[in-house]
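Chemist:
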DNA sequence: CTGTTGACAGCTA
DNA sequence: ATAGCTGCCAACA
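Numbering (the working numbering), first residue to last: 812 to 962.
1) Do the stretch 841 to 857 and the stretch 819 to 831 meet, that is, are 3 or more Cβ pairs less than 8 Å apart?
2) What residues match up with residue 839 in a beta bridge as DSSP calls it?
3) Which partner residues of residue 913 appear in the DSSP bridge assignment?
4) Are there 16 or more other CB atoms within 10 angstroms of the CB of residue 842, so buried, or fewer, so exposed?
5) Whole angstroms is fine: what's the gap from residue 838's alpha carbon to residue 871's?
6) Which term fits residue 905, buried or exposed, when burial requires 16 or more other beta carbons within 10 angstroms of its beta carbon?
7) Measure the Cβ-Cβ separation of residue 836 and residue 920 and say whether it is below 8 Å.
8) Would you decide whether residue 953 is buried or exposed? Buried here means 16 or more other CB atoms lie within 10 Å of its CB.
9) Which residues bound the alpha helix (DSSP H) around residue 855?
10) How about residue 852 and residue 864: are their beta carbons less than 8 Å apart?
11) Checking 8 Å against the spacing of the C-beta atoms, do residue 933 and residue 831 come in under that value?
12) What does the Cβ neighbour count give for residue 916, buried or exposed, with the cut at 16 atoms within 10 Å?
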């Protein structure tokens with residue numbers, strides 16, 4: 812299948828998955844990729860977020876209906892991609908009650924053990940598998956990172 | 001058109 | 001604990 816369609820499917824899936832992240836919770840780029848069945852493409856998740864339409868664009872998926880601020884890297888750190896970007900993300904998270912911390916380097920972190928959201932399956936997908944099969948879901952594979960940066 | 005650069009992450013040394 | 005490699009692929013110089 813054509814690459815453009817593939818890319819469109821991917822972007823659509825990424826945005827949809829991110830919309831499943833509960834208010835006040837955060838997850839990682841890698842986990843979004845994992846939920847989509849593409850564990851080796853966490854970078855492409857970031858690529859999609861980079862091109863997320865603005866709130867006033869009128870696009871189906873835009874920065875006002877896609878909680879982009881709830882996606883951070885696997886270390887629990889808010890990746891910087893431009894001047895002040897990490898600050899804005901931290902502020903957006905603080906608005907929804909997520910407490911952030913900073914290390915000596917000024918890097919901003921979120922404690923996954925408190926705000927992490929790492930379900931093994933996308934909530935919407937669980938509904939689809941609602942057939943009689945005794946498929947037990949392995950609850951949650953929370954990576955209790957315990958915020959490594961203990962120094 | 002080739003080479004680099006990323007909103008990343010896991011493995012290796 | 002830290003640094004370097006590798007996989008991935010779109011955007012850009």
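Note that beta-carbon positions come from the ideal geometry of N, C-alpha and C, so glycine has one too. If you're wondering where the values come from, they're calculated on a predicted model, not measured in any experiment.
Modeler: Inspection of the coordinates gives the following:
1) Yes, the stretch 841 to 857 touches the stretch 819 to 831.
2) In the DSSP output, where bridge partners are listed per residue, residue 839 has 883.
3) In the DSSP output, where bridge partners are listed per residue, residue 913 has 919.
4) It counts as buried.
5) Going from the Cα of residue 838 to the Cα of residue 871 covers about 22 Å.
6) Classification of residue 905: exposed, given that the 10 Å Cβ count is below 16.
7) With a cutoff of 8 Å on beta-carbon distance, residue 836 and residue 920 are scored as not near each other.
8) Note that residue 953 has pLDDT 42, beneath the 50 cutoff, so the model's placement of it is unreliable and the number below is only indicative. Exposed, by the Cβ-count rule.
9) That run of the alpha helix (DSSP H) goes 853 to 861.
10) Cβ atoms of residue 852 and residue 864: not closer than 8 Å.
11) Yes, these two residues count as a Cβ contact at 8 Å.
12) So residue 916 ends up on the exposed side.
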